[in-house]
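**Student:** Residue numbers (UniProt numbering): 1 to 414. All C-beta atoms, glycine included, are put in the ideal place defined by N, C-alpha and C.
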Ligand SMILES: Cc1ncc(COP(=O)(O)O)c(C=O)c1O
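#1: Using the C-alpha atoms, what's the distance from residue 299 back to residue 373?
#2: Under a three-way DSSP split, which group does residue 48 fall into?
#3: Please report the residue range of the alpha helix (DSSP H) in which residue 365 lies.
#4: Does DSSP classify residue 273 as helix, strand or coil?
#5: Using DSSP with H/G/I as helix, E/B as strand and the rest coil, what is residue 132?
#6: State the Cα-Cα distance for the pair residue 49 and residue 232, rounded to the nearest angstrom.
#7: So residue 108 is in the beta strand (DSSP E); what residue range does that whole segment cover?
#8: Taking its Cβ as the centre, do 16 or more other Cβ atoms sit within 10 Å of residue 285, making it buried, or is it exposed?
#9: Could you have a look at residue 64 and say whether DSSP puts it in helix, strand or coil?
#10: Closest by CA to residue 266, which one among 360, 389, 172, 356?
#11: Using a Cβ-based criterion (distance less than 8 Å to any ligand heavy atom), does residue 216 qualify as near ligand 3?
#12: Exposed or buried, residue 80, counting other C-beta atoms within 10 Å across all chains shown (16 or more means buried)?
#13: I need the straight-line Cα distance from residue 176 to residue 223, nearest angstrom please.
#14: Measuring alpha carbon to alpha carbon, tell me which of 350, 257, 71, 346 ends up nearest residue 104.
#15: Give a yes or no on whether the C-beta atoms belonging to residue 246 and residue 40 are separated by under 9 Å.
#16: Pull up the CB-CB distance for residue 87 and residue 211, whole angstroms please, since I reckon it's below 8 Å.
#17: Residue 329 bridges to which residues according to DSSP?
#18: Look at the alpha carbon of residue 218 and the alpha carbon of residue 116, and state the distance between them as a whole number of angstroms.
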C-alpha cells in the first residue's frame with residue numbers, strides 16, 4: 001500500500017516489484033525440523049537462496065551449511081560460521097576451489113569419481129570425503145542423477161582408489177532430486193546408503209557419516225520424515241557412532257518469501273476495450289497483463305525449477321479491499337522484457353476490472369528465484385523487504401539475529 005501511495009505521488013520507481021520475506025517462517029521450519037527429525041542435523045543448501053538474513057538466522061540457530069563453490073563458502077565463513085559446520089557438497093570441483101577450501105578449513109566434501117580423488121589427494125589430502133551415490137530421482141521435479149552420483153557398482157573401485165591414495169572417506173551422501181514428490185525415494189536411498197557402508201567396511205573404512213541430502217518438500221515433510229526415520233532405523237539399527245546430516249534448501253525458504261509485482265501495462269482486444277461481451281473461453285486468454293518481474297528475474301523458477309506460480313490479486317482498480325468474489329476473465333501474465341519467452345502465466349483467471357497500476361502477489365517464491373535472477377534488458381533484480389513476523393516467533397527471530405550479528409539493522413526489518 002505504501003508503494004502504491006508513493007507511486008501515485010510520483011515517487012520514481014515506487015511501483016518496483018519486491019519480495020517480502022517472513023523470517024519467522026524460517027524459524028518455524030527450523031523448529032518443525034527439530035521436532036520431526038531430531039536425529040538429523042540440517043546443513044542448509046545455500047544455493048537455494050543465499051539471502052543474508054536467512055543465512056544469519058540459520059547460522060544463529062546453529063544449522064550447518066551445504067556449499068557448492070568458494071563463493072558460497074566465503075559467504076558463510078564471513079558470518080563467523082566455523083568451517084566444521086560446512087560441507088562442500090559438489091562432487092566435481094575445480095582444483096583451485098579444493099585448495100582454497102583447505103585454506104578455509106573446510107574439510108568435509110563429496111566426490112563421485114576417480115578424477116576428483118586424484119585432485120583431492122594432490123591439493124587437500126587431509127579432506128574428509130563423502131561418497132555421493134546415485135539414487136532413484138525419477139519422482140522429483142529436478143533430477144540431479146543425470147549429472148552426479150556414483151552408481152553402486154562403481155563404488156568398490158572408487159573406495160579402493162581412495163584407499164590407495166591414502167584418503168579418508170568418512171561416509172555416504174545422496175540426493176533424491178530437488179522437489180521430490182514421492183517420499184518413498186528416501187527409503188530406497190537409505191537402503192543404498194547401507195549397502196555403501198558395507199562396501200566401505202570391505203574396503204577397510206569405518207564410515208561415521210550419513211548425509212541424506214536435500215529434496216524435502218514443505219507439504220510432504222511430516223510424511224517424508226516418518227519414512228526416512230523408519231528407513232534409518234531399519235538399515236542402521238546400531239548407529240551410535242554415525243552422525244546423520246541433511247542438505248535441505250527449498251524446505252526452509254520456499255514459503256517464507258512472497259513477491260508483489262505491479263501491473264505496468266495491459267493489452268486487450270477491441271471488444272474488451274469497448275465493453276462488448278467477449279466469448280468466455282477459459283483456455284483462451286483475452287487480456288494480456290504485463291508485470292515488472294518476469295522469467296529473466298524472479299520467475300526464472302518457471303524454467304530452471306519447473307514451477308508454475310499463480311498470481312493472487314493484491315489490489316483491484318486501485319483498492320486494496322479486494323472483494324471475495326469478482327467477475328473473472330481468462331488472462332495471461334507477462335514479464336517486462338522484450339522477449340516473448342517472458343511469460344509468467346499463459347492462462348489464469350483474473351478480475352475483469354484489474355488495471356494498470358494494480359498489484360499482483362505470488363506466494364512460495366523463496367526457493368531458486370532470487371539466486372538465479374538476471375538483469376536482462378536492464379531490469380533490476382527485485383529487492384527484499386524483511387519482516388520478523390507477527391506471531392510468537394517474531395521476538396525470537398530478532399533475538400537470534402541480534403545475538404548472532406551483534407547489531408540488527410532495524411531499518412531493514414519491519
Ligand atoms: C548437493 C545438493 N544438496 C542439496 C540441494 C538442495 O535441494 P533442495 O532444495 O531440494 O532441498 C541441492 C539442490 O540442487 C543439491 O544439489
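**Tutor:** So, from the listed chains and residues:
#1: If you take the alpha carbons of residue 373 and residue 299, they lie about 8 Å apart.
#2: Correct three-state label for residue 48: helix.
#3: Note, residue 365: premise wrong, no alpha helix (DSSP H); not H, not E.
#4: Looking at residue 273 - three-state DSSP - the assignment turns out to be helix.
#5: The answer is strand: DSSP assigns residue 132 an E or B state.
#6: Rounded to whole angstroms, residue 49 to residue 232 spans 29 Å at the Cα level.
#7: Bounds of the beta strand (DSSP E) holding residue 108 are 108-111.
#8: Buried, since its Cβ has 16 or more Cβ neighbours within 10 Å.
#9: Of the three classes helix, strand and coil, the one that applies to residue 64 here is strand, per DSSP.
#10: Comparing Cα-Cα distances from residue 266 to each of 360, 389, 172, 356, the minimum goes to 356.
#11: This structure does not include ligand 3; its bound ligands are ligand 1.
#12: By the C-beta density criterion, residue 80 is exposed, having fewer than 16 other C-beta atoms within 10 angstroms.
#13: One C-alpha to the other measures close to 15 Å.
#14: Shortest Cα-Cα distance from residue 104 to any of 350, 257, 71, 346 involves 71.
#15: Yes, the pair counts as a contact, with Cβ atoms nearer than the cut-off.
#16: Right, their Cβ atoms sit about 7 Å apart.
#17: Residue 329 is bridged to 350.
#18: Residue 218 and residue 116: Cα-Cα distance of roughly 34 Å.
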